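Protein chains in written order, with our numbering: chain A, 19 to 336; chain B, 19 to 336. Note that beta-carbon positions come from the ideal geometry of N, C-alpha and C, so glycine has one too. Computed from a predicted model, the values in this text were never measured in an experiment. Read through the structure below, which is laid out as structure tokens, and then see the notes.
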């Protein structure tokens, strides 16, 4: 972040017509945003939501409540404007882009071998990197991929250890037996690749999916472009965690948009030291929770940059 | 609420292209909203934010960190567009109205006698009632009034008992000594009027203020007009609690927009059985937290009414 802009934003915040601290987290958000944009009085005018889709060979293990063809069907729904994320992007005034990554060629079942080669993973990261509009001023990345909470749980388990069951949740809604099976799959997959180390890119490749790698690529590109990012739920946060594993501080330009109802999200956010802005029980993916948080960040900057100071308004400052 | 619209909304919710329950509280919000609007597929197009302002004789007791003239100064700021609520209403796409209620004639110091006569209180309730635009489809009421967290604490203490200190917080930012003084003032005021009973309108009159009574009037009018209401923080919730005290269920058309950082708000919401949508540490009043929640309710109805069904989108429903 830009130290001059940060200090300018802090100074401005102290002069606005409100008791000190009365806007709570909105004040911190506005200052954080100002620092990353290098502008002590920023506006948000061009948020971008990107949804990446990918398919997962691990669905052969029966880990999802929905069949794998739902990924391609939902991509059509995104393109037709019928999904939740379309409505949420519209309410947030955000541009929305959809990138389907080789849906007819699922990544391999990670219990049998690496999901992707490192070259394949880097290709997907590049898709994400290039999907970011350099003119965007706020970014949300979301995903669609039947089976991808299994992949995200495996990533989290590989990065942070513990038990597989610490990281496995019900995804789109598996039953108790499904949860047991999913936990077995994650444990087997992580055990299989454990000797290969915990570098972020390697874990993305071995246990991830193309849409997860693309999310990581987009988040990394946003850092270079000084575009603040709102993280979505469990899968997006797992993608982000792979970046943090490669370089501590790699997520400083991101904020956690919401706490997902997917059980292990709270644990993942704790590992990253991120406090979610919203907690409304969403567990949909697609970028939905983060898109819902766009208006919170917009509101924060609107207050920060649009309010009068005590001097301007002729208000006694206590 | 309209039972047919409620059932229609529930049926529609079950057919949308998402796993059951995956939009969490957004689903409940949309169904609640649909019931009150009598429309199973509603849109929010005309939210209204109304800010009521009033002055309080109890400021003579040194209960606020800001001087009483700030009320009139902030009303000028609202009218000039420089306050937080102006920015938040704009981000929410809401119309905003400001009603200043006899600022040159503060209500009486409730430690010395009733703040208002019942006739005065009813006059203020009427101002609130008439301020609601019958064409609005979502309502936020906010307030400005130096000294009014003291008044709200007294209302809550009178309605719900406990100790005065259970209901007193720092408001705009009193120090420790100020908090002790404020607690004494609330205890004395409530004790003075205790023999007069706990009817909601009487308590509004004896311990409230014109802006607080006006908020209650607007919330009651919205019920008649079938306009759902988002409650703001401590003072707004205290006004609403007076309605609930007159008639159980009087707040069924309302949702708690946020949890204020004003200490006793959490307790007040518990008494009303309301779970806040947001918790971002705001403690500003003006309707700010509720205005921030407008886009959450908008997002809920946008998803509900705008999403494709499984059949429409050709998506397998698990």
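- Query: Short check: CB of residue 118 (chain B) to CB of residue 71 (chain B), under 7 Å?
  - Reply: yes
- Item | Cut-off 7 Å between Cβ atoms - residues of its own chain near residue 278 (chain A), not counting five sequence neighbours on either side | 251, 252, 300, 301 and 307
- chain A residues whose Cβ lies nearer than 7 Å to that of residue 333 (chain B): 88, 91, 92 and 95
- Specify, as a first and last residue, the run of the alpha helix (DSSP H) that residue 68 (chain B) falls within. Segment 65-71 is the beta strand (DSSP E) holding residue 68 (chain B); no alpha helix (DSSP H) there.
- Cβ of residue 83 (chain A) within 6 Å of any heavy atom in the ligand PLP? For the ligand PLP, the structure offers nothing, since it holds no ligand at all.
- Tell me, which residues are paired with residue 158 (chain A) by DSSP? A:67 and A:248
- Message: Strictly below 8 Å CB to CB, what residues from chain A border residue 35 (chain B)?
- Response: 92, 95, 100, 101 and 102
- Message: Distance cutoff 7 Å, beta carbons only. Does residue 190 (chain B) sit that close to anything in chain A?
- Response: yes
- Item | One or two residues paired with residue 117 (chain A) in a DSSP bridge | A:70
- Item | Length at least 4, wholly inside the segment 29-95 of chain A: the alpha helix (DSSP H) runs in chain order | 43-55
- Query: What is the rounded straight-line gap between the Cα of residue 230 (chain A) and the Cα of residue 79 (chain A)?
  - Reply: 19 Å
- Item | DSSP three-state assignment for residue 274 (chain A), whether helix, strand or coil | strand
- Item | 7 Å Cβ cutoff met for residue 81 (chain B) and residue 165 (chain B) | yes
- Message: Can you tell me whether residue 192 (chain B) is helix, strand or coil according to DSSP?
- Response: coil
- From A:113, A:75 and A:265, pick the residue whose C-alpha is nearest to that of residue 154 (chain A); which is it? A:113
- Message: Please list, in chain order, the chain B residues whose beta carbon lies closer than 9 Å to that of residue 70 (chain A).
- Response: Under the 9 Å cutoff, chain B gives no residues; its nearest Cβ is about 18 Å from residue 70 (chain A).
- Message: Check this for me: beta carbons of residue 88 (chain A) and residue 168 (chain A), under 7 Å apart or not?
- Response: no
- Bridge partners - residue 296 (chain A), DSSP secondary structure assignment: A:276
- Report yes if the CB atom of residue 286 (chain A) is closer than 7 Å to the CB atom of residue 126 (chain A), and no otherwise. no
- Residue from A:65, A:122, A:140 and A:59 with nearest C-alpha to residue 158 (chain A): A:65
- Task: Taking residue 59 (chain B) and residue 323 (chain B) to be in contact with their CB atoms under 8 Å, please state how far apart those CB atoms are, rounded to whole angstroms.
- Result: 5 Å
- Query: So, are the CB atoms of residue 41 (chain A) and residue 321 (chain A) less than 7 Å apart?
  - Reply: yes
- Which residues of chain B have a Cβ atom closer than 8 Å to the Cβ of residue 321 (chain A), listed in chain order? 102, 105 and 106
- Item | Inter-residue spacing [alpha-carbon to alpha-carbon] between residue 161 (chain B) and residue 262 (chain B) | 19 Å
- Message: Is there a C-beta anywhere in chain B that falls below 7 Å from the one on residue 55 (chain A)?
- Response: no
- Item | For residue 186 (chain B), the three-state DSSP class (helix, strand or coil) | coil
- Check the DSSP bridge columns for residue 167 (chain B) and list the partner residues they point to. In DSSP, residue 167 (chain B) forms no bridge with anything.
- Message: Assuming the contact rule is C-beta atoms closer than 8 Å, residue 331 (chain B) and residue 189 (chain A) should be a hit. Round their C-beta distance to whole Å, please.
- Response: Wrong, their Cβ atoms sit about 20 Å apart, outside the cutoff.
- Task: Tell me, please, which residues DSSP counts as bridged to residue 125 (chain B).
- Result: B:74
- Task: Tell whether a beta-carbon distance below 7 Å holds between residue 22 (chain A) and residue 69 (chain A).
- Result: no
- Task: State yes or no: is the beta carbon of residue 162 (chain A) nearer than 7 Å to at least one beta carbon in chain C?
- Result: Absent from the structure: chain C. Protein chains present are A and B.
- Query: Are the C-beta atoms of residue 28 (chain B) and some chain A residue less than 7 Å apart?
  - Reply: no
- Query: If we cut at 7 Å on Cβ distances, does residue 41 (chain A) have a partner in chain B?
  - Reply: yes
- Message: Would residue 207 (chain B) and residue 281 (chain B) be called neighbours here (beta carbons separated by less than 7 Å)?
- Response: no
- Under the rule that 16 or more other beta-carbon atoms within 10 Å means buried, what is residue 85 (chain B), buried or exposed? exposed
- Message: Along the segment 176-208 of chain A, where does the CB come closer than 7 Å to a CB of chain B? Name the residues.
- Response: 190 and 191
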